[in-house]
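Under our numbering, the first residue of the sequence shown carries the number 46, and numbering increases by one thereafter. Each residue gets a CB set at the ideal place from its N, CA and C atoms; glycine is no exception. The structure appears right after this line, and notes come after that.
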Amino acid sequence: MTESPTAVLTLDGAGTDANWWRQAAVYQIYPRSFNDANNDGLGDIKGITAKVPYLRELGLDAVWLSPFYPSELADGGYDVADYRNVDPKLGTLADFDEMAAALHAAGLKIIVDIVPNHSSDQHAWFQEALAAEKGSAARARYIFRDGTGENGELPPSDWGSIFGGPAWTQVADGQWYLHLFASEQPDFNWDNREIRDDFLKTLRFWSDRGVDGFRIDVAHALSKDLSEPLPNKAGLQRLEKLHNGSNPLWDRDQVHEIYAEWRALFNEYTPPRTAVAEAWVDQSRRARYASPTSLGQAFNFDLLMADFEAASFASIVTKNLAEANATGASSTWVFSNHDVVRHATRYGLPALAAADNAEDGKTQDGKAWLLAGGDESALDRELGLRRARAATLFMLGLPGSAYLYQGEELGLHEVAQIADADRQDPAFFRNKGIEVGRDGCRVPLPWTATDTSFGFGEATAHLPQPAWFADAAVSVQDTAADSTLNLYRKALELRRHLQGAEQLDWVENANPDVLHFARPDGWNVVTNFGATAVELPAGTVALSSVPLVDGKLPAAATAWLV
Ligand code: NOJ
Numbered sequence: 046m047t048e049s050p051t052a053v054l055t056l057d058g059a060g061t062d063a064n065w066w067r068q069a070a071v072y073q074i075y076p077r078s079f080n081d082a083n084n085d086g087l088g089d090i091k092g093i094t095a096k097v098p099y100l101r102e103l104g105l106d107a108v109w110l111s112p113f114y115p116s117e118l119a120d121g122g123y124d125v126a127d128y129r130n131v132d133p134k135l136g137t138l139a140d141f142d143e144m145a146a147a148l149h150a151a152g153l154k155i156i157v158d159i160v161p162n163h164s165s166d167q168h169a170w171f172q173e174a175l176a177a178e179k180g181s182a183a184r185a186r187y188i189f190r191d192g193t194g195e196n197g198e199l200p201p202s203d204w205g206s207i208f209g210g211p212a213w214t215q216v217a218d219g220q221w222y223l224h225l226f227a228s229e230q231p232d233f234n235w236d237n238r239e240i241r242d243d244f245l246k247t248l249r250f251w252s253d254r255g256v257d258g259f260r261i262d263v264a265h266a267l268s269k270d271l272s273e274p275l276p277n278k279a280g281l282q283r284l285e286k287l288h289n290g291s292n293p294l295w296d297r298d299q300v301h302e303i304y305a306e307w308r309a310l311f312n313e314y315t316p317p318r319t320a321v322a323e324a325w326v327d328q329s330r331r332a333r334y335a336s337p338t339s340l341g342q343a344f345n346f347d348l349l350m351a352d353f354e355a356a357s358f359a360s361i362v363t364k365n366l367a368e369a370n371a372t373g374a375s376s377t378w379v380f381s382n383h384d385v386v387r388h389a390t391r392y393g394l395p396a397l398a399a400a401d402n403a404e405d406g407k408t409q410d411g412k413a414w415l416l417a418g419g420d421e422s423a424l425d426r427e428l429g430l431r432r433a434r435a436a437t438l439f440m441l442g443l444p445g446s447a448y449l450y451q452g453e454e455l456g457l458h459e460v461a462q463i464a465d466a467d468r469q470d471p472a473f474f475r476n477k478g479i480e481v482g483r484d485g486c487r488v489p490l491p492w493t494a495t496d497t498s499f500g501f502g503e504a505t506a507h508l509p510q511p512a513w514f515a516d517a518a519v520s521v522q523d524t525a526a527d528s529t530l531n532l533y534r535k536a537l538e539l540r541r542h543l544q545g546a547e548q549l550d551w552v553e554n555a556n557p558d559v560l561h562f563a564r565p566d567g568w569n570v571v572t573n574f575g576a577t578a579v580e581l582p583a584g585t586v587a588l589s590s591v592p593l594v595d596g597k598l599p600a601a602a603t604a605w606l607v
């Protein structure tokens, strides 16, 4: 294996390059499950600081922290009680500053999660709203309505929450409030200027503390048209299908007026603060969020929803690069995050029959398998990991930013076996019998093979870790040349050297199971999605997701050639 870097990009953690995000490798940290420095079973900010050398060695450009703000953890921190503070369970603002300085010193940018659609029901403003009267200014910060039925005993509409159950909850004086997610997550009223100003204050607060960018939670839900009469659920769903901004709850054009204000604030900084939208919108509408006058970048979850299959990967890449080109943003790629079944596991499950896929256009997302008990005999762990490594190497070769989720660099599988009593996800509690939720991808990382909580801390981890975590531990993989950890390290290091212009050319290949693309400066990426080994084109193999066999690229594998 020959490594032949062609150019070296410099690290610029605290620097001024306004384009640092365009092709960044961003690593998502789920703080409560990353590393536990104070040994209470919950990951914390000091735990992250202690692992900066690990993050640095991995070869990242930035880390994105899921919420670390004060929270009752009704939704793993996405229920924020105070937007400008650190959860005392996780540390202090001083700890945050220390972590930010350490990350910047190591050349890493910091992205934090902003949750603007809803707060926690423990937020001072919601508590004030509960204590206040109907029609008061305090209630106008949220979405309160009178009920229907003879005595207002029925909710204002029949809408369901994303996590199951109704989207309205009644309060003591009979009014109802809207929550698109759990009842502990009341939706803000974004028509209220006070809310807009408060979020500007929050964005400035973190930007002034050196935060480089923001990930915007449910970015497509802030603007709502709640004029009466409210449509019923069926009406909502019909409108949803129009994909033209006419749905009263989701993806309305007016949301970009909010982001235009945010953009003006971001651009006051040097370099401008960045933002990436989490917006599950129709592909035709994603560009609005990625526009330079709006958030500037938007997640595309297309690869995450696709099967490991050449034709789908090719069309997704082509479509998204064209879109990025048109908006001026760079594309985003992601296979795993804290909301989905880990990709090593998804790829190890039998593909769903075409008929099962038809309904929502989604392929095997692993949820049905989890719900049915996560039967080990249905999961081919080895194949799943092998495909995941190939897919990741494919993705790290693409122009654009790559978002990685903690633990995928260890090739972690989903933890399917979690006792009901240990589960934390509101999707499990509110959706009982329909899904088990997302705890299986949020189990604390294994750092060592033998210690208490596999080196996560000295206490039992807040979500139980399975025995098989020992084999995946960082300490085990660190020195194993062929480990997934070392594959990620090598890939990220090489990528830094090879990454040039945001360009890609497809190179024709007669085999429909093979994708081959070339980046400028002679970097070629070849992925074999099929079941038999294939010849590689001429070139020096700089890296491959599994060893070549007789010079050929085996099944479910990717090679980088230079
Ligand atoms: C999207 C986040 O990724 C998810 O974890 C959360 O539950 C919802 N938004 C609600 O905030």
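Checklist entry - Would you say the segment 441–461 touches the segment 378–386, given that touching needs at least three Cβ pairs under 8 Å? => result yes
Checklist entry - Residues in its own chain within less than 7 Å of D218 by CB, not counting five upstream and five downstream? => result K179
Item to check | Nearest to A389 (by Cα), restricted to the options E306, V591, A70 and G429 | outcome: Distance from the Cα of A389 is smallest, within the candidate group E306, V591, A70 and G429, for G429.
Item to check | Straight-line Cα distance separating V71 from D89 | outcome: 19 Å
Next on the checklist: What would DSSP say about R468, mapped onto helix, strand or coil?
Outcome noted: coil
Checklist entry - Is S111 near I159, with beta carbons less than 9 Å apart? => result no
Checklist entry - At a cut-off of 8 Å, is N84 close to the ligand NAD when judged by its beta-carbon and the heavy atoms of the ligand? => result Looking at this structure, you won't find the ligand NAD anywhere; what it does contain is the ligand NOJ.
Item to check | For Y334, the first and last residue of its enclosing alpha helix (DSSP H) | outcome: Where Y334 is concerned, the enclosing alpha helix (DSSP H) stretches over Q328 to A335.
Checklist entry - Near S357, which residues of its chain fall below 7 Å by C-beta distance, leaving aside the five closest residues on each side in sequence? => result A351
Checklist entry - Just checking my contact of A107 with K154 at CB under 8 Å: how many whole Å lie between their CB atoms? => result 4 Å
Next on the checklist: Considering only their Cβ atoms, is the gap separating E285 from R331 smaller than 9 Å?
Outcome noted: no
Checklist entry - So what does DSSP say about A403, is it helix, strand or coil? => result Because the pLDDT of A403 is 41, which lies under 50, any placement of that residue in the model is unreliable, and the number read from its coordinates should be weighed accordingly. Helix.
Item to check | Sequence-distant residues of its chain with Cβ nearer than 7 Å to L275 (five each side left out) | outcome: For L275, where only same-chain residues beyond five positions count, the Cβ hits under 7 Å are P201 and S202.
Checklist entry - Any heavy atom of the ligand NOJ closer than 8 Å to the Cβ of D410? => result Relative to the non-hydrogen atoms of the ligand NOJ, the Cβ of D410 never comes closer than 8 Å to any of them.
Next on the checklist: Using a Cβ-Cβ cutoff of less than 6 Å, which residues in the same chain neighbour F244 once the five nearest sequence positions on both sides are dropped?
Outcome noted: Excluding sequence positions up to five before and after F244, its CB lies within less than 6 Å of the CB of P161, all in the same chain and listed in chain order.
Checklist entry - With 16 other CB atoms within 10 Å as the buried threshold, where does D470 fall? => result Counting other Cβ atoms within 10 Å of its Cβ, D470 reaches 16 or more and is therefore classed as buried.
Next on the checklist: Let's see if you can read the secondary structure: which residues bound the beta strand (DSSP E) around K134?
Outcome noted: Careful: K134 lies outside any beta strand (DSSP E) and carries neither H nor E.
Next on the checklist: At a threshold of 8 Å, does H224 count as lining the ligand NOJ (C-beta to nearest heavy atom)?
Outcome noted: No, the beta carbon of H224 sits no closer than 8 Å to any heavy atom of the ligand NOJ.
Checklist entry - Smallest Cα separation from A169: which of T137, D127 and S206? => result D127
Checklist entry - In angstroms, rounded to a whole number, what distance separates the CA positions of Y392 and S589? => result 19 Å
Checklist entry - Looking at C-alpha atoms only, which residue of W513, G122 and L560 is the closest neighbour of A359? => result Looking at the Cα atoms, L560 is the closest of the given residues.
Item to check | Beta-carbon proximity list for S528, same chain, < 6 Å, skipping 5 on both sides | outcome: Residues of the same chain with a CB within less than 6 Å of the CB of S528, apart from the 5 flanking positions on each side, are Q522 in chain order.
Item to check | Status (buried if at least 16 other CB within 10 Å, exposed otherwise) for A563 | outcome: buried
Next on the checklist: Using C-beta distances below 6 Å, list every residue in its chain close to G60, excluding the 5 sequence neighbours before and after it, in chain order.
Outcome noted: none
Checklist entry - When we look at the beta-carbon of W551 and count the other beta-carbons within 10 Å, is it buried (16 or more) or exposed? => result exposed
Checklist entry - Between A63 and A212, what straight-line distance do the alpha-carbon atoms span, to the nearest angstrom? => result 41 Å
Next on the checklist: Ignoring anything shorter than 3 residues, give me the beta strand (DSSP E) runs that lie fully in the segment 235–266, in order along the chain.
Outcome noted: 258–261
Item to check | Alpha-carbon to alpha-carbon, G152 and A374 | outcome: 23 Å
Checklist entry - Between the Cα of T137 and the Cα atoms of I93, A600, L118 and H163, which residue gives the shortest distance? => result I93
Next on the checklist: Measuring only the C-alpha atoms, how far is A355 from I361?
Outcome noted: 10 Å
Checklist entry - Closer than 8 Å: is that where the CB of N162 sits relative to any heavy atom of the ligand NOJ? => result Yes, the Cβ of N162 comes within 8 Å of a heavy atom of the ligand NOJ.
Checklist entry - Among residues of its own chain, excluding the 5 on either side of S272, which ones have a beta-carbon nearer than 6 Å to its beta-carbon? => result Nothing listed; no residue qualifies.
Checklist entry - Below 8 Å, can you find three or more Cβ-Cβ pairs linking the segment 484–499 to the segment 452–466? => result Yes, they touch.
Checklist entry - Pairing CB atoms from the segment 413–429 with CB atoms from the segment 335–349, are three or more of them under 8 Å? => result Output reads no: the segment 335–349 does not touch the segment 413–429.
Checklist entry - Can you tell me whether DSSP reads V521 as helix, strand or coil? => result helix
Checklist entry - Exposed or buried, which one is W307 when buried takes at least 16 other CB atoms within 10 Å? => result So W307 counts as buried.
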